[in-house]
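Engineer: The structure under discussion is supplied below as structure tokens; questions concerning it will follow.
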Amino acid sequence: MLKLGLDIGSTTIKCVVLDEENKIIYSTYERHYSQITEKIAEILATVRSKVKGVENAAVALSGSAGMGVAESSNIDFVQEVYATRVATNTFIPGTDVVIELGGEDAKILFLTNGLEVRMNGTCAGGTGAFIDQMATLLNVPLEDLDELAKQYEKTYTIASRCGVFAKTDIQPLLNQGARKSDIAESIFNAVVSQTVAGLAQGREIEGQVVYLGGPLTFMSELRNCFDRTLNTKGICPENSLYFVACGAALCAEKAIDFDKVIEEVKNYRGSGNFAFNPPLFKDEEDYKKFSDRHAKATVLQKELKGYKGKAYVGMDAGSTTVKGVVLNDDGELLYSKYLPSKGNPVEIIKGFLEEVYAINPEINIVSSAVTGYGEEIIKNAFDVDYGIVETIAHFTAAKYFMPDVEFIIDIGGQDIKCFKIHNGAIDNIFLNEACSSGCGSFLQTFANALGYEIADFAKLGLFAKRPVDLGSRCTVFMNSSVKQAQKDGATIEDISAGLSLSVVKNALYKVIRASSPDELGKRVVVQGGTFLNDAVLRAFEQEMGVEVVRPNIAGLMGAYGAALYSKNKSKGNGKSKLANKETLKNFVHDIKVTNCGMCSNNCRLTINSFGGGRRFIAGNRCERPITKKSQSNELNMYAQKLKMLEEYKPVEGLRGKLGMPMALNMFEMYPFWYRFFTELKFEVFHSPFSTRKIYQRGQQTIPSDTICFPAKLVHGHIQTLIDEGAETIFYPCMSYNFDEHLGDNHYNCPVVAYYPEVINNNMKDVQKICFIKEYFGVHMPKHFPQKAYEALSKYFPDLTLNEVRKAAKLAYDEQDKYRKKVIAKGNEIIEKAEKEGKKIMVLAGRPYHVDPEINHGIDKLISSFNVAIVSEDVVSPRVEKFHTNVLNQWTYHSRLYAAAKYVTTRKDMELIQLVSFGCGVDAITTDEVREILEKEGKIYTQIKIDEITNLGAVKIRIRSLLAAIDND
9 MLKLGLDIGS TTIKCVVLDE ENKIIYSTYE RHYSQITEKI AEILATVRSK VKGVENAAVA
69 LSGSAGMGVA ESSNIDFVQE VYATRVATNT FIPGTDVVIE LGGEDAKILF LTNGLEVRMN
129 GTCAGGTGAF IDQMATLLNV PLEDLDELAK QYEKTYTIAS RCGVFAKTDI QPLLNQGARK
189 SDIAESIFNA VVSQTVAGLA QGREIEGQVV YLGGPLTFMS ELRNCFDRTL NTKGICPENS
249 LYFVACGAAL CAEKAIDFDK VIEEVKNYRG SGNFAFNPPL FKDEEDYKKF SDRHAKATVL
309 QKELKGYKGK AYVGMDAGST TVKGVVLNDD GELLYSKYLP SKGNPVEIIK GFLEEVYAIN
369 PEINIVSSAV TGYGEEIIKN AFDVDYGIVE TIAHFTAAKY FMPDVEFIID IGGQDIKCFK
429 IHNGAIDNIF LNEACSSGCG SFLQTFANAL GYEIADFAKL GLFAKRPVDL GSRCTVFMNS
489 SVKQAQKDGA TIEDISAGLS LSVVKNALYK VIRASSPDEL GKRVVVQGGT FLNDAVLRAF
549 EQEMGVEVVR PNIAGLMGAY GAALYSKNKS KGNGKSKLAN KETLKNFVHD IKVTNCGMCS
609 NNCRLTINSF GGGRRFIAGN RCERPITKKS QSNELNMYAQ KLKMLEEYKP VEGLRGKLGM
669 PMALNMFEMY PFWYRFFTEL KFEVFHSPFS TRKIYQRGQQ TIPSDTICFP AKLVHGHIQT
729 LIDEGAETIF YPCMSYNFDE HLGDNHYNCP VVAYYPEVIN NNMKDVQKIC FIKEYFGVHM
789 PKHFPQKAYE ALSKYFPDLT LNEVRKAAKL AYDEQDKYRK KVIAKGNEII EKAEKEGKKI
849 MVLAGRPYHV DPEINHGIDK LISSFNVAIV SEDVVSPRVE KFHTNVLNQW TYHSRLYAAA
909 KYVTTRKDME LIQLVSFGCG VDAITTDEVR EILEKEGKIY TQIKIDEITN LGAVKIRIRS
969 LLAAIDND
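With the first letter of the sequence shown counted as 1, position 132 gets the number 140 in the numbering used here; the numbers rise by one all the way through.
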């Protein structure tokens, strides 16, 4: 008897027919573009006409989108994991692990000792859809990505947790001239990293590994990346795409009536029950009024050809698009261009300037300015007069339309920027950090998935009767909400309107986190390409309850603001040094990749040369490759702390070596434990400061993808100590920190306090050594010696209580000495900055944020702006305990609040808070610190960091903060 199996996935449908010997005699693989039922009916009809005797075959359905159809048509349904397992055991017996990447799902099946399944839950980073998006961004066909990756020379770190943030990592690399082959390989590495760290979660992948699913079938280099990371040679069977369909077929038991099922599937309709919002417009008349009102904010268009007056050029090299404008003396538009950056803004800007010179060869350009992600490379390539931070460019443009603007929101392709304006200066900046579901690329993705151009898709929603209520969620999970709504009978119009509403909700309630629209003000200017979509604009006005201004050049505001800025700066005098016709004729752009080698960071540099001695170096964490001088760390407390910790050198001891991981609280507890164990005659040493390599060493044993990056690093540090031959590792659990009398209590955060338990339960190798993870209470000096003696004598029976007492006393002295040294150094930095009239930045976080791999050189980046840096524990002792609105029971937090309080008393100090992604307790601290600062008129700046470095966004934040202070 023949057997037919269908696998209805999130983006494709696979169908197989097996003969009596379980051999495939027919197979097909097709995309369904969300028209699932029509596609199933079509495939069944084709199979019936092509395969003899299939009418009597047993049929079963599987796949993430197949259950509803199976139920309504009375066909057997087989859960896809079970189907995969049946197919694997039938065709490749002895398999230990199956790694399967699909369109929007990723799975790891562990088949030894029973079945264990790990699936992606909250994020579709690292799946087929993610790779699709990345190929589009690189502007290469998906099928060429694999060939490109094979030619790589080096790799970069790229976020795989969110397609949108991967874009944000890749875009600066493209703007800086990185090779596409290197980026392609880096994308594959990101997928591997997401799968291994995000799904395996501490269970090691070993034995016979089988690769399944589209991406792993079609991309041999992706399989190579998995092989290299897992130290294995996986198998990709020839019918890997059809394993779920084969599994369904193998489980099929009952035949179906083809005609009846085709008819039923065709007529399958959802329940018609879905939550919806009121329509955006009542009727055409309502829409006309709306359009007329917005037509008033218009920049006049004049002719560039033959124009004889003064001209000003503004350019905006954004994350996904490049904009260019030419203005006259009255701020009117002579010429404009809006194009996708296609990963090379230099070529696009060159084309823009050539067009300008072709239309008006005699043009008199007085000044020029550039803004956006690609600002620096464009400024260097074309000798642009001014570089200007995006926030100021957008503010300058908004003021032109509404001089008393209170709030500006700019929704671009993948970033949302919002500024609150207070007393004519930027007072607060919000940027999206963790999710891009409120951005333009979010709508673009859906339009493309449903087979529409973005402009047509947007228009569909204007007169929808029942806009679907999709809430505000991640792009990929919005996908499942959209599919569900389609199954429930929502029209494309309803979905288009619903998506526009959810873009707005995401922007307001996820990025700006407004408790109500009122707190944003009534004088609002909206800009960015996304607001050219009338449905989004209308949804925003309805949600805010105000009428806003949208200029007709909403998508060009960055470039327009840059041109206005250059006009104001030059005061209409002089001649721009912007590249002229002749220069453009001889323009060259060569890219060379090299390693800096001037310090231990060994940054990978991309050197762009433009001829005539002009060049731009990217990828550097400091100015050294450009100035050839090392950056001075004299006024950088983060660098000073690392120097102090390096002074604790191992001293040979009779009791042998004892290793400690330089991670989490060790960054402030090391002096204590170092002195304690050195006095007890141990040779105390620590793992090196973190590097990417150290992180990767422990990656396979991390049990949770959502834990903060500093905690993930601990695994690598422990593994490094073991690999270096440490036979004893000391890593204690500590519920309490020292009491600094700033809070209601003095706990360590739960991760810092108890992470040794996680290490003990998830790292096999610690069982091979002596791993000491006892509980210690350093906050009670009186009881500490006795407790420490009891805990340690289990491991070292020859210890005496007297020895421990002596060592403890010296350890407390050492900690006190270290603490005083930190404060003295900090005070010295503050005094020197005061003398030199420099701004002082309190870079406030946790002790472990001084780790170079955790902060990614943010301290060096900030100090390159000629400011002094101190840490929160330098200024927190200057404040007495005070009332906070939250329970103030963690030592690290009470320092933060005290530092914020102190900063409000000084005009020359600002606070920048470092927050690790996945830090639950920081959800509380960020709000409290913001409140303390804003109450006294200070600007709150937050930088979120994790394993990915994207210093581009950090730079915007810092420059915007400095520009806002200068405006003050």
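C-beta atoms are modelled at their ideal positions from N, C-alpha and C, and glycine is treated no differently.
Quantities reported herein were computed from a predicted structural model and do not represent experimental measurements.
Thinking C-alpha only, which one of I599, S879 and L230 is nearest I831?
Structural biologist: Among I599, S879 and L230, the Cα nearest to that of I831 is on S879.
Engineer: Within a Cβ cutoff of 7 Å, which residues of the same chain sit near E362, ignoring the five residues on either side of it in sequence?
Structural biologist: Result list for E362: L592, in chain order.
Engineer: Starting from Y343, trace the alpha helix (DSSP H) in both directions and tell me its first and last residue.
Structural biologist: Where Y343 is concerned, there is no enclosing alpha helix (DSSP H), although the beta strand (DSSP E) it sits in stretches over L341 to P348.
Engineer: Rounded to the nearest angstrom, what separates R967 and Y295 at their Cα positions?
Structural biologist: When rounded, the distance between both Cα atoms is 40 Å.
Engineer: What does a CB cutoff of less than 6 Å around A78 pick up in its chain, not counting 5 residues either side in sequence?
Structural biologist: Here the set comprises L69 and F85.
Engineer: What distance in whole Å lies between the Cβ atoms of T237 and I419, which are believed to be in contact at a cut-off of 8 Å?
Structural biologist: Actually they do not touch by this definition, with Cβ atoms about 37 Å apart.
Engineer: Does the Cβ of M9 have 16 or more other Cβ atoms within 10 Å, making it buried, or fewer, making it exposed?
Structural biologist: With fewer than 16 Cβ atoms within 10 Å of its Cβ, M9 is classed as exposed.
Engineer: My assumption, with CB atoms under 8 Å, is that M645 sits in contact with V882. Please give the rounded CB distance.
Structural biologist: Indeed they touch by this definition, with Cβ atoms about 6 Å apart.
Engineer: So, for V413: in the same chain, excluding its five sequence neighbours on each side, which residues have a beta-carbon less than 7 Å away from its beta-carbon?
Structural biologist: The answer, listed in chain order, is A406, K407, I429, R531 and V533.
Engineer: Contact between the stretch 689–700 and the stretch 722–735: three or more CB pairs below 8 Å?
Structural biologist: Yes, they touch.
Engineer: Roughly how many angstroms separate the alpha carbons of D752 and V962, rounded to a whole number?
Structural biologist: About 33 Å.
Engineer: Between which two residues does the beta strand (DSSP E) carrying A852 extend?
Structural biologist: That run of the beta strand (DSSP E) goes I848 to A852.
Engineer: Quick check: what's the CA-CA separation for T635 versus I396?
Structural biologist: Its pLDDT being 46, under 50, T635 is placed unreliably by the model, and the measurement read from it follows with that caveat. Approximately 22 Å between the Cα atoms of the pair.
Engineer: With the cut-off set at 8 Å, would you say K11 and A257 are in Cβ contact?
Structural biologist: Yes, these two residues count as a Cβ contact at 8 Å.
Engineer: Measure the C-alpha to C-alpha separation of P718 and E839 and round it to an integer number of angstroms.
Structural biologist: Cα to Cα, the separation comes out at about 32 Å.
Engineer: Helix, strand or coil for V199? Go by DSSP, reduced to three states.
Structural biologist: DSSP places V199 in helix when its eight states are reduced to three.
Engineer: Put E811 into one of helix, strand or coil per three-state DSSP.
Structural biologist: Helix at E811.
Engineer: Count the other C-beta atoms from every protein chain shown that fall within 10 angstroms of the C-beta of L26, then say buried if there are 16 or more, exposed otherwise.
Structural biologist: Counting Cβ neighbours within 10 Å, L26 comes out buried, since at least 16 surround it.
Engineer: Whose C-alpha, out of T686, I48, Y365 and E370, is nearest the C-alpha of K274?
Structural biologist: Of the candidates T686, I48, Y365 and E370, the one whose C-alpha sits nearest the C-alpha of K274 is I48.
Engineer: From this set, A260, I973 and S18, which residue's C-alpha is nearest L458's C-alpha?
Structural biologist: Answer by Cα proximity: S18.
Engineer: Would you mind sorting M565 into buried or exposed? The rule is 16 or more other CB atoms within 10 Å of its CB.
Structural biologist: Buried, by the Cβ-count rule.
Engineer: For Y394, list the residues DSSP reports as bridge partners.
Structural biologist: Paired residue(s): A377.
Engineer: Starting from the C-beta of F7, find all residues in its chain whose C-beta is less than 7 Å away, skip the five residues before and the five after it, and write them out in chain order.
Structural biologist: Because the chain here runs from 9 to 976, residue 7 falls outside it and cannot be looked at.
Engineer: How is T54 classed by DSSP in three states: helix, strand or coil?
Structural biologist: Reduced to three states, the DSSP call for T54 is helix.
Engineer: Between the Cα of S72 and those of Y219, A53, T20 and V556, spot the shortest distance and give me the residue it belongs to.
Structural biologist: Nearest of Y219, A53, T20 and V556 to S72, Cα basis: T20.
Engineer: If you compare alpha carbons, which of D113, Q708, T728 and C259 is closest to V699?
Structural biologist: Contrary to the premise, residue 699 reads as Thr rather than Val in this sequence. Taking only the C-alpha atoms, the option nearest T699 is T728.
Engineer: What do you reckon, are the CB atoms on A571 and V333 nearer than 8 Å?
Structural biologist: Yes, the pair counts as a contact, with Cβ atoms nearer than the cut-off.
Engineer: Who are the near neighbours of G506 in its chain, counting only those whose CB is closer than 6 Å to its CB and skipping five residues on each side?
Structural biologist: So the list reads P475, V476 and L478, once near-sequence residues are dropped.
Engineer: Does the distance from the CB of V330 to the CB of I357 come in under 8 Å?
Structural biologist: The answer is yes: Cβ separation under 8 Å.
Engineer: Could I get the ranges of all uninterrupted beta strand (DSSP E) runs contained in the stretch 521–596, with 3 residues as the minimum, in chain order?
Structural biologist: Within the stretch 521–596, the complete beta strand (DSSP E) runs of at least 3 residues are 532–535.
Engineer: Roughly how many angstroms separate the alpha carbons of L312 and D859, rounded to a whole number?
Structural biologist: So the alpha carbons of these two residues sit roughly 54 Å apart.
Engineer: Pull up the distance between the alpha-carbon of E842 and that of T933, whole angstroms please.
Structural biologist: Rounded to whole angstroms, E842 to T933 spans 29 Å at the Cα level.
Engineer: Using the Cβ count rule (16 or more neighbours within 10 Å means buried), how would you classify N769?
Structural biologist: The residue in question, N769, is exposed, as its Cβ has fewer than 16 Cβ neighbours within 10 Å.
Engineer: DSSP on T635, reduced to helix/strand/coil?
Structural biologist: Any reading at T635 is ruled out, since the residue's pLDDT is 46, under 50, leaving its predicted position unreliable.
Engineer: Quick check on K290: does DSSP put it in helix, strand or coil?
Structural biologist: Here K290 sits in coil by DSSP.
Engineer: What residues in its chain sit with their C-beta under 6 Å from that of I417, if we drop five residues either side in the sequence?
Structural biologist: Contacts found: C426 and V534.
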